[in-house]
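Let me begin by presenting the structure, written as structure tokens, before commenting on it.
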Amino acid sequence: MVLFIKTVVFYLATIALSVSASVDLDVQSLAVDVRSVNEEVSYYDGSIGSYTLIDAGFTTVHNGTQKAIADTIVLVPSGPSELHEIVQLISQSLRLYIVRLTEDLKPKKADFASNGLLWTVIARLEVMKNDFQAFEKVLSEKPSDEESLPRMIEAAFNSINSAVIAAIDFLAN
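Counted the way mature numbering (1 follows the signal peptide of the UniProt record, and there is no 0) counts, the sequence shown spans residues -21 to -1, 1 to 152.
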């Protein structure tokens, strides 16, 4: 019986560690995916074919964010350092790539508009905004003894949300 309990505890601890590592990888993958969309935006030549790569990139970012949210829901942190590490990844890499993407979309407004794709880009940004607001909510609901963590989460996602909302406003007007 004791061996069974030890095995179950070990198994649960292993799951918790693997989920935490999974969320870290999710955030790292998201940063790469956003950077990839940004590269496609920088090469956008106004053609529909070129836009297809941007649209596919937004889909990849959406799917990656949904995976990060799902993994975060399952995450039972073994300590505040796990959540802290995830929030640092968001703040240090993902946030920067999203801000850069939203800034690089702005000069392409006329190109998107000339092909009737402007509202599609805006819709993709709306999805991104909603995804990251949901991700913020899930992270914020995780228990943590670290007092500064809620402020770190809020700061990272405020920056992301502000950048996306500013891009939406710019492109829509």
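Note that the Cβ used here is the ideal one computed from N, Cα and C, for glycine as well.
Express the C-alpha separation of residue j and residue i in angstroms, rounding to a whole number.
| i | j | result |
| --- | --- | --- |
| Arg130 | Val78 | 19 Å |
| Ala135 | Lys108 | 13 Å |
| Lys87 | Ser93 | 10 Å |
| Val20 | Val53 | 34 Å |
| Val(-3) | Asn17 | The predicted model places Val(-3) with a pLDDT of 49, which falls under 50 and marks its position as unreliable; any figure quoted below should be read in that light. Rounded to whole angstroms, Val(-3) to Asn17 spans 28 Å at the Cα level. |
| Arg74 | Ser123 | 22 Å |
| Gly28 | Arg14 | 19 Å |
| Lys85 | Asn137 | 20 Å |
| Asn152 | Val100 | 13 Å |
| Leu128 | Trp98 | 36 Å |
| Ser141 | Thr31 | 26 Å |
| Tyr76 | Ala113 | 19 Å |
| Ile132 | Ser119 | 7 Å |
| Glu82 | Ser72 | 16 Å |
| Leu80 | Glu125 | 31 Å |
| Ser8 | Ala(-1) | 12 Å |
Answer with buried or exposed for residue i, where buried requires no fewer than 16 other C-beta atoms within 10 angstroms of its C-beta.
| i | result |
| --- | --- |
| Lys121 | buried |
| Gly95 | exposed |
| Thr44 | buried |
| Ala10 | buried |
| Ala47 | buried |
| Ala146 | buried |
| Gly25 | exposed |
Determine the closest residue to residue i out of the options, with distance taken between C-alpha atoms.
| i | options | result |
| --- | --- | --- |
| Glu61 | Ile139, Val6 and Leu73 | Val6 |
| Tyr23 | Ala10, Asn42 and Ala89 | Ala89 |
| Glu115 | Ala145, Val100, Glu125 and Ala49 | Ala49 |
| Glu64 | Leu4, Glu105 and Gln45 | Leu4 |
| Asp34 | Tyr76, Glu125, Ala145 and Phe91 | Phe91 |
| Ile69 | Thr31, Ile147 and Ile139 | Ile139 |
| Val66 | Val2, Glu82 and Asp83 | Val2 |
| Ile144 | Asn42, Gly25, Phe111 and Ser8 | Phe111 |
| Asn42 | Ala(-1), Val106 and Thr81 | Val106 |
Indicate whether residue i and residue j have their beta-carbon atoms separated by less than 8 Å.
| i | j | result |
| --- | --- | --- |
| Arg103 | Phe149 | no |
| Asp12 | Thr39 | yes |
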